[in-house]
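The numbering used here puts the first residue of the sequence shown at -10, with every later residue one more than the last. Working notes, structure below.
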Amino acid sequence: MRALKLSGHSLAILILVALSLPAAAAEPPSYFNGFEVENGIIDPIEIDHGGPGRDGIPALDAPLFHAGAERDGKIRAGDRVLGVNYNGVSKAYPIDILDHHEIVNDMFGDTPMTVTFCPLCGTGMVFYAEVDGEVLNFGVSGLIYNSDLLLYDRNTLSLWSQLMKTAVTGPLAGSKLTQVPAQYTTWEGWQQQYPESLLLSRETGHLRDYDKVMYEEYRRLPMVLYSTGHQDLRIPAKTWVVGIDVGGAALALPFEQLDQLQAPLEIAVGDSKVTVQWDR
């Protein structure tokens, strides 16, 4: 093997060549990860970079599903799913897959829906994908707000807070998403309710090991990695809770407390009466 020897002159030439290479174009001050973040309804300084670039975590479009006997062996009874039943169509989205993709753009008949899951805070939420008569197609922005997923619509590049159900920057800032009821449960529990449910396929077109437990270390640690605008020290930050939001009135019910109570639970949230059903 021949050794490479650099003289002082050749080293200087290499340095000059490196310095002459064009630098990547810097984003304008009002942009973050390719998104306009000024003039929104939140302070842009509170937006964190999650690591990946825009669509670095690929959302699923036109997803495939298993039906009937095709589902056998594809999922275990105790595996967690996000389940949706709409107009007689039932679908289960395994958390193992959502951990890798966070967003599924799907159709229930003629109704476009967006299935979202934030691994950082464990929130699974489903929305109608139509806003003001326009069908929106969503992707993963790579940005975080209040330690929660910021999705974006590919139509206008507006950023949307999952938990707020609201566009927080961009042309649609202030617009709202309409939430669709969904269940966070086990495959076994979901099948007992909807035995004919479709099951999201692992044939996503992406090279992913869906058997690998994502975020395992993060979920084990007590602290959160990203900033939150409000901290409540009454319970640990990563305590699993049932979160209820009714007309701006909010309530968090820790799972540990629910374990000590009898389901269903009727409780007041603001001026509304809410029935909470769970099965551990």
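Idealized CB from N, CA, C, for every residue including glycine.
query, result
"State the Cα-Cα distance for the pair Glu177 and Tyr204, rounded to the nearest angstrom.", "23 Å"
"Only counting the same chain, and skipping five residues up and downstream in sequence, which positions put a Cβ closer than 7 Å to that of Arg209?", "none"
"Return helix, strand or coil for Arg69, following the three-state DSSP convention.", "strand"
"Helix, strand or coil for Gly128? Go by DSSP, reduced to three states.", "strand"
"With a CB to CB cut of under 7 Å and the five nearest residues on each side skipped, what residues in its chain are close to Asp85?", "Asp68 and Tyr199"
"Which of helix, strand or coil does DSSP assign to Gln172?", "strand"
"Starting from the Cα of Phe244, find the closest Cα among Tyr82, Leu254, Gly62 and Gly98 and give me that residue.", "Leu254"
"Do Phe24 and Ser130 have their CB atoms nearer than 8 Å?", "yes"
"Starting from Trp149, follow its DSSP beta bridges and name the residues at the other end.", "Leu140 and Ala156"
"Quick check on this structure: which residue in Met153, Met102, Ser79 and His219 has the alpha carbon closest to the alpha carbon of Asn126?", "Met102"
"Alpha carbon to alpha carbon, how far is Leu222 from Tyr20? Give it in angstroms, no decimals.", "33 Å"
"When DSSP builds the beta bridges, which residues end up paired with Pro83?", "Val70"
"Which whole-angstrom value describes the C-beta separation of Phe54 and Lys80, a residue pair presumed to lie in contact below a C-beta threshold of 8 Å?", "7 Å"
"By DSSP, does His89 sit in helix, in strand, or in coil?", "helix"
"Flag this pair as yes or no: are the beta carbons of Val265 and Val235 separated by less than 8 Å?", "no"
"Of all the beta strand (DSSP E) runs that stay within the bounds of the region 180 to 232, which reach a length of 3 or more residues?", "187 to 189"
"Let's see if you can read the secondary structure: which residues bound the alpha helix (DSSP H) around Glu245?", "Phe244 to Leu247"
"Pull up the DSSP beta-bridge partners for Ser261, would you.", "Val258"
"Looking at the structure shown, is Ile36 part of a helix, part of a strand, or coil, going by DSSP?", "strand"
"Using CA coordinates, which residue listed in Pro225, Pro83, Thr155 and Thr112 is at the minimum distance from Val202?", "Pro83"
"Any idea what DSSP makes of Ala238, helix, strand or coil?", "strand"
"With distances taken from CA atoms, which of Ala162, Glu192, Gly111 and Val169 is nearest Leu226?", "Note that residue 226 is Ala in the sequence shown, not Leu. Nearest of Ala162, Glu192, Gly111 and Val169 to Ala226, Cα basis: Gly111."
"Can you tell me which of the three DSSP states Gly271 falls into?", "This structure cannot speak to residue 271, because the chain is shown only from -10 to 269."
"Excluding five sequence neighbours on each side, which residues of the same chain lie with their C-beta closer than 6 Å to the C-beta of Val157?", "Gly29, Ile30, Ile31, Leu148 and Ser150"
"Leu161 and Thr145 look like a contact to me (Cβ under 8 Å); what is the Cβ gap, rounded to whole Å?", "6 Å"
"Give the range of the beta strand (DSSP E) segment to which Pro101 is assigned.", "Thr100 to Cys107"
"Around the Cβ of Leu196, are there at least 16 other Cβ atoms within 10 angstroms (buried) or fewer (exposed)?", "exposed"
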